[in-house]
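Numbering (the numbering used here), first residue to last: 5 to 354.
Beta carbons: idealized from backbone N, C-alpha and C, even for Gly.
Just so we're clear, the structure is a prediction, and the values are computed from it rather than from any experiment.
For reference, the structure is listed below as structure tokens.
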Amino acid sequence: MLRATILATPILCVLSVPALAEESPFGNGWRLAPETSSIQFSSIKNQSVIETSSFAKLSGGIDASGDASLSVLLDSVDTKVDLRNVRMRFLFFETFLYPQATVNAQIAPSLIADLAQVKRKTISLPFELDLHGVKRQEIAQLSLTLIGENLLAVSSAEPLTLKVADYDLVDGLLKLEEAANVSIVQSTTVNFDLIFEATFPDAQEVPKAAAVSLKEPVTVALEAEGNFGIEACKGRFEILSRSGNINFRSGSAKLKPESTPLLSQVADIVARCPDLKILLAGHTDNVGSRTANQRLSERRAASVERFLTDQGINAARLQIVGRGESRPIADNATAQGRRKNRRIEFTVAD
């Protein structure tokens, strides 16, 4: 689960990419070679179990002025286990809101001016990491190795440590712990091996790590194409029910606009489970009367049903039920507990 935290660290790596040239240390710029580059992050659960994961989709480069950028598409997180990937995407990184992490840095020419002669060196590079809506300054220790005249290898000279709390990811980590019934250390370490290719005057401009539009999300999840099997469907619905990102106006069944990104993903998953009927259950906290909460839970479930049918889901495949305040999953005596109890759950109908 800690993997999510580690995510942020890899991004830093790219920033340190230098370019070598006789007149200008950056030449015409450098382009990341994603097929030969990798970022690994490690997490520790239950105090002793170490898990290492990676990301499948990277892009970036260094331009002729030394501006470096790296983009990591978080939906491409690869833990080697399908439902772990889904948990990381929906519970930890919340990729429906924050689809990518980016790293930006300015490489001073003096840092790499002698790389063409020495072929290999270690540098310390400050960079900005943008992860989960938070931007922070970090420092990476990088090993740079010139391979021939056209390739530059950038690797971690020492693991980069990131704290979950620094990127507003503690709530996501807690969701991971609850979903998997494990404890997870609230920091992570990242290692990376990146290869950059020199660009030439007739090549197109070195790409920047551009922001992904939420209106046109990049789908790079490492999962089977087409429809899901029943266990994959059940696992995804259980994870979606824990997300806590379906929100309504206070005392109302009107969905808040920020619920749209997650519900759009819900619609896609329901569509890829075509042989199943889905039960939408509304739940509330215990504030107010039982009767009012029962009605509110029914109306909220109905609002989610309407959203899904507007997305093309056949209404005959959906069943709704209101549970009111009868099935709390947390203590209603605290604000955090009440927030958890106000939820929509998705399950396969009997």
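Item: Beta-carbon proximity of residue 77 to residue 176, cut-off 9 Å; Value: no
Item: Cα-Cα separation between residue 290 and residue 247, rounded to whole angstroms; Value: 20 Å
Item: Residue ranges of each beta strand (DSSP E) within the stretch 39-78, 3 or longer; Value: 42-49, 53-59, 62-66 and 71-77
Item: Beta bridge counterpart(s) of residue 104 as assigned by DSSP; Value: 77
Item: Per-residue burial, residue 361 [other beta carbons within 10 Å of its own, 16 or more giving buried]; Value: Summary: the structure shown does not reach residue 361, with the chain confined to residues 5 through 354, and so no result is reported for it.
Item: Span of the beta strand (DSSP E), counted from its first residue to its last, around residue 328; Value: 322-328
Item: DSSP state of residue 154 mapped onto helix, strand, coil; Value: coil
Item: Own chain partners of residue 331 with C-beta closer than 8 Å, once the 5 adjacent residues on each side are dropped; Value: 287
Item: Secondary structure of residue 215, DSSP reduced to three states; Value: Any answer about residue 215 is weak, because its pLDDT of 48 lies below 50 and its placement is not dependable; what the coordinates show is given next. Coil, per DSSP.
Item: Through-space distance from residue 305 to residue 156, alpha-carbon basis; Value: 54 Å
Item: Residue 320 classed as buried or exposed, judged by whether at least 16 other C-beta atoms fall within 10 angstroms; Value: exposed
Item: Secondary structure of residue 260, DSSP reduced to three states; Value: coil
Item: Boundaries (first-last residue) of the alpha helix (DSSP H) holding residue 238; Value: 234-245
Item: Whole-angstrom distance between residue 295 and residue 251, CA atom to CA atom; Value: 21 Å
Item: Residue 145 and residue 132 closer than 9 Å at C-beta; Value: no
Item: The stretch 231-243 touching the stretch 104-113, judged by at least three CB pairs closer than 8 Å; Value: no
Item: Spatial distance of residue 224 from residue 128 (CA atoms); Value: 32 Å
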